[in-house]
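Asks: Got a structure here, written out as structure tokens. Questions coming.
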Amino acid sequence: MATQTTDTNSLQVGTHTLGSRLIVGTGKYASYELMRDALDASGTDCVTVAVRRERLIDADGNNLLDFLDTNRYTLLPNTAGCFTADDAVRTALLGREILEGIENPGADWVKLEVLADKKTLLPDPVATLEATARLVDEGFQVLCYSTDDPIVARQLKQAGATSVMPAGSPIGSGQGVLNANNIRICLEYLKEDDPDYPVIVDAGVGTASDVTIAMELGVDGVLLNTGIAHARDILGMAHAMRYATQAGRLAYLSGRIPKKLYATASSPDDGLVTAKPR
Amino acid sequence: MTMIVVRYPTRCNTFCWFNRRLFSLFFAFLWLSTIVFENASAILSTLSPLGDIPRMTAFSRTNITSHPRLFSVQIQVNGQARDVDDRATVEQLLTDLGLSVRHMAVELNLKIVPRSRHAETILSPGDALEVVTLVGGG
């Protein structure tokens, strides 16, 4: 069981081997100190970061990197907030430049996000496809944020994506996995003839059970941010998400029982001291 | 302007006059060219299809002249106009802004300037510079 548990927690994405199947975002925390403690509690060793203009005036002097142990965490830079393929590629290149400077292994990959709409933050599938191909040409391992559309997922893989990351529900919405069947079909299509192809549910999970449900579907990992960062007890939720990921993976590997309409008794019929109804 | 008077031991008047003019013109041209070259190279580099090749030749510009800076140039840093000394480098700008290069990436006119080239990359009028860092994100 011990060896299986070790296997359960290890996630291979491209050339990166992660010690946890949970990838955690670094945004929306009330303070950098709280973020640092939450990441520690979550058990993750991979965190997403965003690329933004340096504040030239009013800079408080604190930098995210002062609170992230870059020897411990593989950073996964995102292109969040980009609405065109051009901007996403540009942002990815800037992220790589920073990560190369701090010699973090995350310099060769990117979480690609090309959005289409500010209200839903849903991705633009056409621009995401274009950006994927361009970033692959630039030598990136591309992890694509996508909707749960199995056709788009398949096209992203064909375009060279290292991982496809369908959203459970809109970013930050906390609605969990809204369309489990679409995730199932994504898994079937993406893992056809390629069972080790990593599929990660990115976005929308609100609590531990959402994470477990996603993992039980057979996805390889979950990426979340708001579910921890906006919980009432951040560290408590970080722990919960950690164990939910492990529980879901173990349950998936162990095989759930089929659902039946009627009951089957767990205690034996034989030896009853009472009369049984007919 | 100081007059340069040169005496020529020659017998031909016409030749002498011509030669003297030519000589002072030559000096005037030299003086002008040092100024023109400084700014022309910056302007040309923005027009050149080769883009950043002329601008990278930092040492050729610094070697030619040693007189004090005559101009400041206006550039855009993260979308805001900013005046920097003529011949200021990316490295000098980051120092002036008080930014630690460890956490930065710099993009000049949509092209990344690798950290190793910050010191040799000279800013030209109209340059659009982006200085970015990492922040929390999901």
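Chains as they are written, first to last, in our numbering: chain F, 1 to 278; chain S, 1001 to 1138.
The beta carbon of each residue, even a glycine, is placed where N, CA and C say it ideally should be.
Under 8 Å between C-beta atoms, does F:Y252 make it to chain S?
Replies: On the first sequence, residue 252 of chain F is found 252 positions in, with the first residue counted as 1. False, the Cβ-Cβ gap to chain S never drops below 8 Å.
Asks: Taking DSSP as the reference, what is the three-state secondary structure of F:K28?
Replies: Translated into positions along the first sequence, residue 28 of chain F becomes position 28. Note: F:K28 maps to coil in three-state DSSP.
Asks: Which residues in chain S sit within 9 Å of F:I234, going by Cβ to Cβ distance?
Replies: Taking the first sequence and counting its residues from 1, one reaches residue 234 of chain F at position 234. Under the 9 Å cutoff, chain S gives no residues; its nearest Cβ is about 13 Å from F:I234.
Asks: With H, G and I counted as helix, E and B as strand and the rest as coil, what does DSSP make of F:P166?
Replies: If you number the first sequence from 1, residue 166 of chain F lands on position 166. It is a strand residue.
Asks: Kindly list the residues whose CB is nearer than 6 Å to the CB of S:V1106, restricted to its own chain and excluding five residues on each side of it in sequence; keep chain order.
Replies: To locate residue 1106 of chain S, count along the second sequence from 1; it is residue 106. Taken in chain order, the residues that qualify are V1090, V1113 and V1131.
Asks: I want to see whether chain A comes within less than 8 Å of F:T26, judged by CB atoms only; does it?
Replies: Included in the structure are the protein chains F and S, with no chain A among them.
Asks: Below 9 Å on C-beta distance, what does F:Y262 contact in chain S?
Replies: Reading the first sequence from its first residue, position 262 is the one you call residue 262 of chain F. Result: empty, since nearest Cβ-Cβ is about 44 Å, beyond 9 Å.
Asks: Please go through the same chain and pick out, in chain order, the residues whose beta-carbon is closer than 6 Å to the beta-carbon of F:M237, but skip the five residues on each side of it.
Replies: Against the first sequence, residue 237 of chain F aligns to sequence position 237. Counting only Cβ-Cβ distances below 6 Å, and skipping sequence neighbours, we find I228 and A231.
Asks: Rounded to the nearest angstrom, how far is the Cβ of F:T48 from that of F:G25, given a contact under 8 Å?
Replies: Stepping through the first sequence from its first residue, residue 48 of chain F is reached at position 48. Stepping through the first sequence from its first residue, residue 25 of chain F is reached at position 25. Correct: roughly 5 Å between the Cβ atoms.
Asks: Mapping the DSSP letters down to three states, classify F:T264 as helix, strand or coil.
Replies: The sequence position of residue 264 of chain F within the first sequence is 264, counting from 1. In the three-state scheme derived from DSSP, where H, G and I count as helix and E and B as strand, F:T264 is classed as coil.
Asks: Going by CA-CA distance only, name the one from F:P258, F:Q12, F:I200 and F:N78 that's closest to F:G27.
Replies: Residue 27 of chain F sits at position 27 when you count from the first residue of the first sequence. If we check each option's Cα against that of F:G27, F:N78 comes out closest.
Asks: Residues in its own chain within less than 7 Å of F:R281 by CB, not counting five upstream and five downstream?
Replies: With chain F covering only 1 through 278, there is no way to say anything about residue 281 of chain F.
Asks: So F:M241 and F:L22 are supposed to be a Cβ contact under 8 Å. How far apart are they, rounded?
Replies: By one-based count along the first sequence, residue 241 of chain F stands at place 241. By one-based count along the first sequence, residue 22 of chain F stands at place 22. Indeed they touch by this definition, with Cβ atoms about 6 Å apart.
Asks: Under 8 Å, do F:Y145 and F:A167 count as touching if we go by C-beta distance?
Replies: The residue you call residue 145 of chain F lines up with position 145 of the first sequence. The residue you call residue 167 of chain F lines up with position 167 of the first sequence. A distance below 8 Å separates the beta carbons of F:Y145 and F:A167.
Asks: Could you list the residues in the stretch 1068-1092 of chain S with a C-beta less than 9 Å from some C-beta on chain F, going in chain order?
Replies: V1077, N1078, G1079, Q1080 and R1082
Asks: Determine whether the Cβ of S:G1051 lies closer than 8 Å to any Cβ atom of chain F.
Replies: Within the second sequence, the letter at position 51 stands for residue 1051 of chain S. With a pLDDT of only 42 at S:G1051, under the threshold of 50, the placement of this residue in the model should not be trusted, and no figure is reported.
Asks: Excluding the 5 residues flanking F:S210 on each side, which residues of the same chain have their C-beta closer than 7 Å to its C-beta?
Replies: Within the first sequence, residue 210 of chain F is the residue found at index 210, counting from 1. For the record, residue 210 of chain F in the displayed sequence is Asp; it is not Ser. Cβ within range, chain order: G168, G176 and V177.
Asks: Would you give the residue range spanned by the alpha helix (DSSP H) that F:C186 belongs to?
Replies: Residue numbering aside, residue 186 of chain F sits at position 186 when the first sequence is read from its first letter. A180 to K191 is the extent of the alpha helix (DSSP H) around F:C186.
Asks: For F:L129 versus F:A88, is the C-beta distance shorter than 8 Å?
Replies: Position 129 of the first sequence, counted from the first residue, corresponds to residue 129 of chain F. Position 88 of the first sequence, counted from the first residue, corresponds to residue 88 of chain F. Cβ distance not < 8 Å, so F:L129 and F:A88 don't count as in contact.
Asks: Cα-Cα, which of F:I171, F:V219, F:K191 and F:R278 is closest to F:N225?
Replies: Numbered from 1 along the first sequence, position 225 holds the residue referred to as residue 225 of chain F. The residue with the shortest Cα to Cα distance from F:N225 is F:I171.
Asks: Could you name the residues of chain F that S:L1099 contacts, counting a contact when the two beta carbons are closer than 7 Å?
Replies: Numbered from its first residue, the second sequence carries residue 1099 of chain S at position 99. For S:L1099, the chain F residues whose Cβ falls inside 7 Å of its Cβ are E54, in order along the chain.
Asks: Could you tell me the alpha carbon to alpha carbon distance between F:A153 and F:Y73, rounded to whole angstroms?
Replies: Walking along the first sequence from the start, residue 153 of chain F turns up at place 153. Walking along the first sequence from the start, residue 73 of chain F turns up at place 73. In this structure, the alpha-carbon of F:A153 lies about 27 Å from that of F:Y73.
Asks: Quick one: list the residues of chain F neighbouring S:E1120, beta-carbon separation under 8 Å, in chain order.
Replies: Start at 1 with the first residue of the second sequence, and residue 1120 of chain S comes out as number 120. Chain F residues near S:E1120: none, gap ~17 Å exceeds 8 Å.
Asks: What is the DSSP secondary structure of F:S42, reduced to helix, strand or coil?
Replies: The count along the first sequence starts at 1 and reaches residue 42 of chain F at position 42. Three-state DSSP puts F:S42 in a helix.
Asks: What runs of the beta strand (DSSP E), each 3 residues or longer, lie entirely inside the stretch 83-120 of chain F?
Replies: Runs of beta strand (DSSP E) with 3 or more residues, each lying fully within the stretch 83-120 of chain F, are found at 109-112, listed in chain order.
Asks: By the three-class DSSP mapping on this structure, what secondary structure does S:H1103 have?
Replies: Your numbering for residue 1103 of chain S matches position 103 in the second sequence. S:H1103: helix per DSSP, three-state reduction.
Asks: For chain S, is any of its Cβ atoms less than 8 Å away from the one on F:A30?
Replies: Within the first sequence, numbered from 1, the residue matching residue 30 of chain F stands at position 30. It does not; no Cβ of chain S falls within 8 Å.
Asks: Looking at the strands, I want to know which residues DSSP matches up with F:Y145.
Replies: Here residue 145 of chain F refers to the residue found at position 145 of the first sequence. Under DSSP, F:Y145 takes part in a beta bridge, and its partners are F:M165.
Asks: Any idea what DSSP makes of F:N78, helix, strand or coil?
Replies: Translated into positions along the first sequence, residue 78 of chain F becomes position 78. F:N78: strand per DSSP, three-state reduction.
Asks: State the DSSP-derived secondary structure class of S:E1130, mapped to helix, strand or coil.
Replies: On the second sequence, position 130 is the one that residue 1130 of chain S refers to. Correct three-state label for S:E1130: strand.
Asks: Can the beta-carbon of F:L143 be found closer than 8 Å to that of F:V110?
Replies: What you label residue 143 of chain F is simply residue 143 of the first sequence in a count that begins at 1. What you label residue 110 of chain F is simply residue 110 of the first sequence in a count that begins at 1. Yes. Within cutoff.
Asks: Can you tell me where the beta strand (DSSP E) with S:V1073 in it begins and where it stops?
Replies: To locate residue 1073 of chain S, count along the second sequence from 1; it is residue 73. That run of the beta strand (DSSP E) goes S1072 to V1077.
Asks: For F:V205, decide whether its Cβ has a neighbour in chain S, counting only Cβ atoms nearer than 8 Å.
Replies: If you number the first sequence from 1, residue 205 of chain F lands on position 205. No, because no Cβ of chain S sits closer than 8 Å to the Cβ of F:V205.
Asks: Flag this pair as yes or no: are the beta carbons of S:L1099 and F:E54 separated by less than 8 Å?
Replies: Along the second sequence, one-based indexing puts residue 1099 of chain S at 99. Along the first sequence, one-based indexing puts residue 54 of chain F at 54. For S:L1099 and F:E54, yes; Cβs fall inside 8 Å.
Asks: Assuming S:L991 contacts F:L18 (C-beta within less than 8 Å), just tell me the rounded distance between them.
Replies: Residue 991 of chain S lies beyond the stretch modelled for chain S, which goes from 1001 to 1138, so this question has no answer here.
Asks: Closer than 7 Å by beta-carbon distance: list the chain F residues that pair up with S:T1095, in chain order.
Replies: In the second sequence, residue 1095 of chain S corresponds to position 95, counting from 1. Within chain F, no residue comes near S:T1095; the closest Cβ sits about 13 Å away, beyond 7 Å.
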